[in-house]
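**Q**
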Amino acid sequence: MSGDTRKNSGFKPRTQEPHIVVSAAIKPEQARRADEIAAERGVSRSEVFRMLMTGRIAPLPG
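For what it's worth, our numbering labels the leading residue of the sequence shown as 1, then goes sequentially.
(1) Taking DSSP as the reference, what is the three-state secondary structure of Val48?
(2) Got a sec? Which residues, its chain only, sit under 6 Å from Ile37 by beta carbon, not counting five neighbours each side?
(3) Which same chain residues end up closer than 8 Å to Pro59 when comparing Cβ atoms and leaving out the 5 residues on each side of it in sequence?
(4) With burial defined as no fewer than 16 other Cβ atoms inside 10 Å of the residue's Cβ, what is the status of Ala90: buried or exposed?
(5) Apart from the five residues just before and just after Arg45, which ones in its own chain have a Cβ nearer than 8 Å to its Cβ?
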C-alpha cells in the first residue's frame with residue numbers, strides 16, 4: 001500500500017463550538033431586540049444569536 005497514510009486516521013481538528021450559521025432572514029424588530037439583549041449582557045449580536053440557536057435564551061418576539 002502506498003500513498004497518504006493519514007487517510008481515514010480519524011483525525012479531526014479541535015473546535016471550541018460547533019459552527020452555527022445564522023440565517024440572514026432576520027426581521028428588523030428581531031435585530032433591534034438582539035441588539036438590546038447584546039447591550040444588556042455585554043456581548044455581540046452574533047453571540048446573542050448563538051445563544052438563541054443553542055437554547056440558552058428564549059426566542060425573540062416577531
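Ideal placement from N, C-alpha and C gives every residue a C-beta, glycine not left out. Source: prediction; values computed, not measured.
**A** Taking the definition as stated:
(1) Looking up residue 48 in the sequence shown gives position 48. In the structure shown, Val48 sits in a helix (DSSP, three-state: H, G or I).
(2) Indexing the sequence shown from 1 puts residue 37 at position 37. Cβ within range, chain order: Val48.
(3) Position 59 of the sequence shown holds residue 59. Hits under 8 Å: Leu52.
(4) Nothing about residue 90 can be read from this structure; the chain reaches only from 1 to 62.
(5) As a working note, residue 45 is residue 45 in the sequence shown. If we look at Arg45 and ignore the five residues flanking it on each side, its Cβ neighbours are Ala31, Ala34, Asp35, Ala38.
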